[in-house]
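Residues in the sequence shown are numbered consecutively from 1, following the numbering used here.
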Amino acid sequence: MMLNSTSSTSSYFVLEAYLHVGTLRYLLFMLTAVIYMFILISNTSLIVVICMNRSLHEPMYVFLCSLFVNELYGSTGLFPFLLLQILSDVHTVSRPLCFLQIFCLYTYASVQFSSLCVMSYDRYLAICCPLQYNTRMTSSRVALLIALSWFYPFASILVLVSLSFSLQLCGNRIHKVYCDNYSVVKLSCSDTSVNNLYGIFYTLTTVLLVLFIFYSYMRIIKVCLSGSKQTRQKAVTTVTPHLVSLLNFSCGCFFEIAQNRFDMKHVPNMLRIFLSLYWLTCQPLFNPIMYGLKITKIRITCKNVVIGKTSSAPSSP
1 MMLNSTSSTS SYFVLEAYLH VGTLRYLLFM LTAVIYMFIL ISNTSLIVVI
51 CMNRSLHEPM YVFLCSLFVN ELYGSTGLFP FLLLQILSDV HTVSRPLCFL
101 QIFCLYTYAS VQFSSLCVMS YDRYLAICCP LQYNTRMTSS RVALLIALSW
151 FYPFASILVL VSLSFSLQLC GNRIHKVYCD NYSVVKLSCS DTSVNNLYGI
201 FYTLTTVLLV LFIFYSYMRI IKVCLSGSKQ TRQKAVTTVT PHLVSLLNFS
251 CGCFFEIAQN RFDMKHVPNM LRIFLSLYWL TCQPLFNPIM YGLKITKIRI
301 TCKNVVIGKT SSAPSSP
């Protein structure tokens, strides 16, 4: 049933990273399903809390809401697919579905960096230019920044996927548990110069975003060190989750890039699978916990919502 690896007309791809684990796949399915449900519940809960409480209708929390929406989007592009593949005996995916997954996962990653960049700019204005914050960070400016943080990734990744989709492929085997663009481009038997140039351009723009984020936080840290103890405490409380989130996601992306660019055959297969999934699961899993616990206003609001529901429940006679 499998097409020859030299075929250029394959209508599907074979995902070769899946291990034959026998009945253990049911346990893996349950664990993956629990993780996905936790991601859905935690991120959705924080979105509802921010949207329903007027005290959280401030730029920082609106940007966080956009970030949580992206977590749901990225997780939905990965986990249902993983769940189906775990239970399947044949790990194949149709060509259109493969490119759709590439589009979803890559836009998720790009929106993640864009959102973190917007949030770093917001914190920079709030801490380094507090007197100008309200005049600069207006409602229309917030809406524009969120729109840009979503529009640019979708437009840039649409071009990336379109270039890859038009390639003539000489194989259909991908050594991953999901579809990724670099693995597909490596299968090409046609010229990939345009893909490579566009890939370099896209990578440079992402690096510039990351450098801007670090620059913003360096300025914030400098201001905090020269301020009062109360100022330092407040700044550290709000900045720490953003900085940890950036470092965590950047490390995850670095692991994924390293796997694609270097020969990783000496690395155990299970570790390779873990590293390839880390950048897609770390943020949706840990961000709600980190922001929910670290940012005082969100933590107090969530606590009040829970206590309010409990106290409003009718007592039994």
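Think of the CB as a built atom: it goes at the ideal place given N, C-alpha and C, for glycine as much as any other residue.
Alpha carbon to alpha carbon, how far is Pro-80 from Val-34? Give it in angstroms, no decimals. By 1-based counting over the sequence shown, the position of residue 34 is 34. By 1-based counting over the sequence shown, the position of residue 80 is 80. Computed Cα separation, rounded: 12 Å.
Taking Ser-66 as the reference, which of Thr-76, Ser-55, Gly-77, Cys-51 has the closest Cα? Along the sequence shown, one-based indexing puts residue 66 at 66. The shortest Cα separation from Ser-66 among Thr-76, Ser-55, Gly-77, Cys-51 belongs to Cys-51.
Start and end of the beta strand (DSSP E) containing Phe-13? Position 13 of the sequence shown holds residue 13. It spans 12-15 - the beta strand (DSSP E) in which Phe-13 sits, taken as one unbroken run.
I need the boundaries of the beta strand (DSSP E) containing Thr-92, first residue and last residue. Mapped onto the sequence shown, residue 92 falls at position 92. Taken as a continuous stretch (DSSP letters only), the beta strand (DSSP E) holding Thr-92 covers 92-94.
Within 10 angstroms of its Cβ, does Ser-115 collect 16 or more other Cβ (buried), or is it exposed? Stepping through the sequence shown from its first residue, residue 115 is reached at position 115. Label assigned to Ser-115: buried.
With distances taken from CA atoms, which of Ile-220, Ile-47, Phe-254, Thr-301 is nearest Tyr-278? Position 278 of the sequence shown holds residue 278. It is Phe-254.
Contact criterion: CB-CB distance below 8 Å. Does Ser-114 meet it with respect to chain D? Any reference to chain D falls outside this structure, which holds one protein chain only.
N-terminal and C-terminal residue of the alpha helix (DSSP H) that Asn-43 is part of: In the sequence shown, residue 43 corresponds to position 43, counting from 1. Residues 24-52.
How many angstroms separate the CA atom of Thr-192 from the CA atom of Tyr-202? Here residue 192 is taken as the residue at index 192 of the sequence shown, counted from 1. Here residue 202 is taken as the residue at index 202 of the sequence shown, counted from 1. Computed Cα separation, rounded: 15 Å.
Assumed close pair Thr-238, Arg-123 - CB separation to whole angstroms, cut-off 8 Å: To locate residue 238, count along the sequence shown from 1; it is residue 238. To locate residue 123, count along the sequence shown from 1; it is residue 123. The C-beta distance from Thr-238 to Arg-123 rounds to 6 Å, short enough to fall under 8 Å.
Does DSSP put Leu-169 in a helix, in a strand, or in coil? Indexing the sequence shown from 1 puts residue 169 at position 169. In the structure shown, Leu-169 sits in a strand (DSSP, three-state: E or B).
Under the rule that 16 or more other beta-carbon atoms within 10 Å means buried, what is Glu-71, buried or exposed? Working through the sequence shown from its first residue, we reach residue 71 at position 71. Glu-71 comes out buried.
Let's test the definition: count the other Cβ atoms within 10 Å of the Cβ of Glu-256 and tell me whether it reaches 16, buried, or not, exposed. Locating residue 256 in the sequence shown gives position 256, where the first residue counts as 1. Residue environment: Glu-256 is assigned as buried (16 or more neighbouring CB atoms within 10 Å of its CB, all protein chains considered).
What separation, rounded to the nearest whole angstrom, lies between the Cα atoms of Asn-195 and Leu-293? For the purposes of this step, residue 195 is identified with residue 195 of the sequence shown, where counting begins at 1. For the purposes of this step, residue 293 is identified with residue 293 of the sequence shown, where counting begins at 1. When rounded, the distance between both Cα atoms is 42 Å.
Mind reading off the beta-carbon distance from Val-161 to Ile-102? Whole number of angstroms is fine, and I expect it under 8 Å. For the purposes of this step, residue 161 is taken as residue 161 along the sequence shown, with counting starting at 1. For the purposes of this step, residue 102 is taken as residue 102 along the sequence shown, with counting starting at 1. Sure, about 6 Å apart at Cβ, within 8 Å.
Quick one: is Pro-284 buried, meaning 16 or more other Cβ sit within 10 Å of its Cβ, or exposed? Start at 1 with the first residue of the sequence shown, and residue 284 comes out as number 284. The residue in question, Pro-284, is buried, as its Cβ has 16 or more Cβ neighbours within 10 Å.
With the cut-off set at 8 Å, would you say Lys-186 and Ala-17 are in Cβ contact? The count along the sequence shown starts at 1 and reaches residue 186 at position 186. The count along the sequence shown starts at 1 and reaches residue 17 at position 17. No, the Cβ-Cβ distance between Lys-186 and Ala-17 is not below 8 Å.
Closest to His-57 by CA distance: which of Met-137, Tyr-26, Arg-261 is it? Locating residue 57 in the sequence shown gives position 57, where the first residue counts as 1. When only C-alpha atoms are compared, the closest one is Met-137.
Hey, out of Ile-300, Cys-189, Tyr-198, whose CA is closest to Ile-157's CA? Locating residue 157 in the sequence shown gives position 157, where the first residue counts as 1. Ranking Ile-300, Cys-189, Tyr-198 by Cα distance to Ile-157 puts Tyr-198 first.
Where Ile-295 sits in the DSSP three-state scheme: Position 295 of the sequence shown holds residue 295. Correct three-state label for Ile-295: coil.
Please report the distance separating the alpha-carbon of Val-111 from that of Cys-170. What you label residue 111 is simply residue 111 of the sequence shown in a count that begins at 1. What you label residue 170 is simply residue 170 of the sequence shown in a count that begins at 1. Rounded to the nearest angstrom, the two C-alpha atoms are 32 Å apart.
Considering just the uninterrupted stretch of the alpha helix (DSSP H) at Met-218, what are its terminal residues? Mapped onto the sequence shown, residue 218 falls at position 218. Start and end: 193-226.
Do you know offhand how far Ile-213's Cα is from Ser-140's? Taking the sequence shown and counting its residues from 1, the one referred to as residue 213 is at position 213. Taking the sequence shown and counting its residues from 1, the one referred to as residue 140 is at position 140. If you draw a straight line from the Cα of Ile-213 to the Cα of Ser-140, it is about 22 Å long.
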